[in-house]
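Peer 1: Residue 64 in full-length UniProt numbering sits at position 64 of the sequence shown; the count goes up by one each step and never skips.
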Amino acid sequence: MNTPLAPVARLAGAVKRYGARVALDGVDLQLQRGELLALLGPNGAGKSTSIALLLGLLRPDAGRAELFGLDPQRIEARRRIGVMLQTATLPWTLRVGELLRLTASYYPRPRPLNECAALAGIGDLLSRYYGKLSGGQQRRVQFALALCGRPELLFLDEPTVGMDIDARQKLWMAIRALVAEGCAVVLTTHYLEEAEALAQRVVVLDQGRVLSEGSVDALRARVALARIRCRTGLDAAAVARWPQVASASCADGRLHIATASPEVVVRRLLDADADLRELEVLRAGLAEAFTELTRESLPEAA
Ligand SMILES: Nc1ncnc2c1ncn2[C@@H]1O[C@H](COP(=O)(O)OP(=O)(O)OP(=O)(O)O)[C@@H](O)[C@H]1O
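The following block contains the structure:
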């Protein structure tokens with residue numbers, strides 16, 4: 001019989017307070033080899049604090065944080081991870097190739113420089129000074145630095161902020177290639193389409209607690225919403241008050257509706273507006289599920 005492998009990262013009942021503020025209130029999460037976990041949640045939910053505990057940058061007030069079954073501050077654990085945080089302080093006066101060689105030298109079994117450059121799409125930037133690159137180019141270099149030690153676990157904290165669409169797509173491809181090699185990834189993002197495109201499992205945090213955990217499909221199913229789009233003269237605010245409508249808003253000249261009862265709402269829309277055009281009914285995406293989940297968790301008084 002196979003013995004289950006120890007998780008590559010684990011928080012168990014993790015509590016973290018900043019003075020009187022409880023940033024994490026008993027969070028459990030686990031990550032296995034080759035798994036991509038998206039950590040989602042509104043601002044202040046506790047995502048960065050969770051990552052800081054797993055990186056050993058902060059210590060939990062109660063509970064445990066482990067990397068590969070070890071204390072995250074142990075060098076044996078740290079050598080096996082790669083990190084791309086939201087802010088990076090790197091020497092501006094070094095060329096990209098120099099930065100990559102320097103960072104790779106800290107690891108016992110680094111990935112060859114050309115391979116890192118190809119994965120991160122920075123082959124043409126190696127002789128440029130880091131400080132003179134654009135924000136999006138700097139993010140790509142930071143990604144190359146995160147993967148150059150051949151990590152078994154990669155932390156990507158909002159990795160594609162500031163990237164154009166092409167750079168984002170290339171980064172997604174590189175992340176998929178790393179996961180296919182067996183690398184585990186913890187990804188935080190506010191772009192829900194990013195989580196949808198990459199994640200096998202999603203953990204939604206809110207106010208320091210795990211609100212939901214499961215596959216992207218399971219999360220969608222839990223919320224069981226559909227999306228309706230159409231061109232209509234109907235007022236979005238009035239439609240939002242219909243009993244079966246979870247939310248309604250106007251964008252790109254169209255009315256966008258989220259509902260658990262699409263058939264009822266479509267019938268009512270067609271009755272209310274004989275000139276209604278371009279009607280579409282789609283399965284809800286992660287964005288609707290996420291909005292619905294975090295809305296449900298608001299206190300009654302709100
Ligand atoms: N150094 C600190 N001192 C005091 N409070 C803090 C500190 N860092 C975070 N907090 C608080 O802890 C809570 C969790 O913050 P955290 O940065 O983990 O959230 P987040 O989910 O990463 O948010 P964002 O999406 O905005 O990055 C918030 O209420 C935040 O205000």
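The beta carbon of each residue, even a glycine, is placed where N, CA and C say it ideally should be.
Since the structure is predicted, the reported quantities are computational estimates derived from the model, not experimental observations.
Do R128 and R95 have their C-beta atoms closer together than 8 angstroms?
Peer 2: Yes, the pair counts as a contact, with Cβ atoms nearer than the cut-off.
Peer 1: Taking the continuous alpha helix (DSSP H) assigned at Q137, which residues delimit it?
Peer 2: 135-147 is the span of the alpha helix (DSSP H), which, as asked, contains Q137.
Peer 1: Less than 7 angstroms between C-beta atoms, sequence neighbours within five positions excluded: which residues of the same chain meet that for R80?
Peer 2: The answer, listed in chain order, is F68, P151, E152, L153.
Peer 1: Rounded C-beta distance between T232 and Q244? I'm assuming under 8 angstroms.
Peer 2: About 16 angstroms separates the two Cβ atoms, so there is no contact after all.
Peer 1: Going by the CB atoms, is the gap between L40 and V204 shorter than 8 angstroms?
Peer 2: A contact, by the Cβ cut-off of 8 angstroms.
Peer 1: By alpha-carbon positions, which one of T188, L100, T87, R111 ends up nearest to G136?
Peer 2: G136 has its Cα closest to that of T87, out of T188, L100, T87, R111.
Peer 1: What first and last residue would you give for the alpha helix (DSSP H) that runs through R277?
Peer 2: Run containing R277: none in the alpha helix (DSSP H); it sits in the beta strand (DSSP E), 277-283.
Peer 1: Skipping 5 residues on each side, what residues in its chain have a beta carbon closer than 6 angstroms to that of R10?
Peer 2: Counting only Cβ-Cβ distances below 6 angstroms, and skipping sequence neighbours, we find Q30, E66.
Peer 1: Any heavy atom of ligand 1 closer than 7 angstroms to the beta-carbon of residue 304?
Peer 2: Any question about residue 304 goes unanswered here, given that the chain covers just 1 to 302.
Peer 1: Three-state secondary structure (DSSP) at D235?
Peer 2: In the structure shown, D235 sits in coil (DSSP, three-state: anything other than H, G, I, E or B).
Peer 1: What's the C-alpha gap between T188 and E194?
Peer 2: The alpha-carbon atoms of T188 and E194 are separated by roughly 9 angstroms.
Peer 1: Taking the alpha-carbon of R17 as reference, which of Q32, L113, L58 has the nearest alpha-carbon?
Peer 2: The shortest Cα separation from R17 among Q32, L113, L58 belongs to L58.
Peer 1: If we call anything under 8 angstroms between Cβ atoms a contact, is A287 one with R220?
Peer 2: Result no, Cβ atoms of A287 and R220 do not sit closer than 8 angstroms.
Peer 1: Using CA coordinates, which residue listed in P91, E280, R201, S48 is at the minimum distance from F155?
Peer 2: Here the closest residue by C-alpha is S48.
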